[in-house]
Every structure is written in C-alpha cells, then in structure tokens.
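In this note's numbering, the protein residues as written are 1 to 173.
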C-alpha cells in the first residue's frame with residue numbers, strides 16, 4: 001500500500017545541521033508522496049543522468065519542496081506513516097536521500113507494501129511469542145517518553161518497532 005495519491009504522510013525527522021548535533025527529541029514533518037518517475041528525473045538531473053541512485057518498484061519517494069522537509073543522516077529505518085480515513089498506515093521505512101539542506105530532493109523509503117507477501121510468509125513460519133519470556137523491566141537507558149506535536153500524545157519507540165507492529169497486527173488472509 002502506497003497511500004492514496006496526494007496523501008499527506010509523516011516521517012520522523014532528525015534535524016542534522018551544523019548548529020544542531022544529534023537531536024534529543026524525535027521530530028516529524030508533513031511530506032507528500034512523489035511518483036517514482038518524477039523522483040528518478042530529479043535524481044538523474046543532479047547526478048548527470050547516472051542510474052546509480054535509481055528509485056525502483058520496491059521504493060517510494062516522499063518530500064515537501066516548499067518546506068524542505070526530508071530525512072537526514074540518522075533517520076534510516078524510521079517510519080513513513082500516512083493517514084487514511086480510518087487509520088494511520090505504515091507505508092515506508094526511511095532508506096536514503098541526498099543531504100537534507102536546500103535544494104531538497106525527495107527522500108527515498110522502502111515500500112513496505114511491496115514486501116507484504118514476504119512478511120506474511122515469515123509470520124506463518126514464526127511461532128507466536130511466549131508472553132512469559134518478555135523482560136519484566138525496561139532495558140537500561142530505554143524508557144518511553146511522550147510527545148505531543150498536535151495535541152495528541154504519542155509514545156516514542158525505536159523505529160524497528162514499527163516493522164514488528166506491522167507484522168504482528170497484519171490480518172492473515
């Protein structure tokens with residue numbers, strides 16, 4: 001699932017500028033989905049027609065040319081979620097892009113829907129987890145905190161959790 005055309009999506013963005021070192025708080029930005037053909041045209045213009053950074057079917061692009069929102073170094077593996085009428089959907093995992101300073105190019109994400117059959121196969125091969133084997137205390141230095149960017153509280157969790165949630169809550173067919 002890539003989200004409907006002209007979807008507004010939200011990747012977490014870690015600010016990476018000379019003034020700010022690794023941010024202490026996860027940040028988000030609204031971006032739009034960009035077609036792979038346009039994304040390839042933009043990247044090839046900058047790379048003198050090189051296909052070294054070609055956007056393939058298993059990838060998707062997202063960005064905001066007016067605000068310059070893009071993923072930066074350190075964002076890899078983070079979720080790209082799109083709001084549909086009834087739910088937020090994980091559509092991508094941050095993969096690569098050019099530097100996150102102007103001029104901004106779309107960010108490239110792994111297209112989660114492309115791998116849904118494989119994810120389902122792995123789910124079927126994996127026994128359900130034993131709830132009694134879960135640790136009873138949080139790992140040192142890893143506690144959940146909350147954030148509120150639009151008045152709605154949300155827990156901040158490691159990016160890998162999004163992929164695990166996708167696998168755990170996917171409806172078997």
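From the three backbone atoms N, C-alpha and C, an ideal C-beta is built for every residue, glycine too.
Between the C-alpha atoms of residue 86 and residue 66 there is a straight-line separation of about 28 Å. Classified as buried, residue 63 has 16 or more neighbouring CB atoms from the shown chains inside 10 Å of its CB. Within the same chain, 40 come within 7 Å of residue 54 by CB-CB distance, once the 5 residues on both sides are set aside. Residue burial annotation: residue 130 is exposed, with fewer than 16 other C-beta atoms found within 10 angstroms of its C-beta. The segment 67 to 76 makes no contact with the segment 119 to 127: fewer than 3 CB pairs, one atom from each, lie closer than 8 Å. Between residue 57 and residue 111, the gap from beta carbon to beta carbon is short of 9 Å.
Look at residue 38 here: in three-state DSSP terms it is helix.
The shortest CA-to-CA distance from residue 38 to any of 28, 99, 60 is the one to 60. The C-alpha of residue 117 lies about 22 Å from the C-alpha of residue 36. Residue 80 and residue 47 have their alpha carbons spaced roughly 25 Å apart.
Between residue 42 and residue 105, the gap from beta carbon to beta carbon is short of 9 Å. With distances taken between CA atoms, residue 109 lies nearest to 91 out of 115, 120, 91. Each residue's CA atom was taken as its position, placing residue 136 and residue 45 some 53 Å apart. A straight-line Cα-Cα distance of about 17 Å links residue 114 and residue 78.
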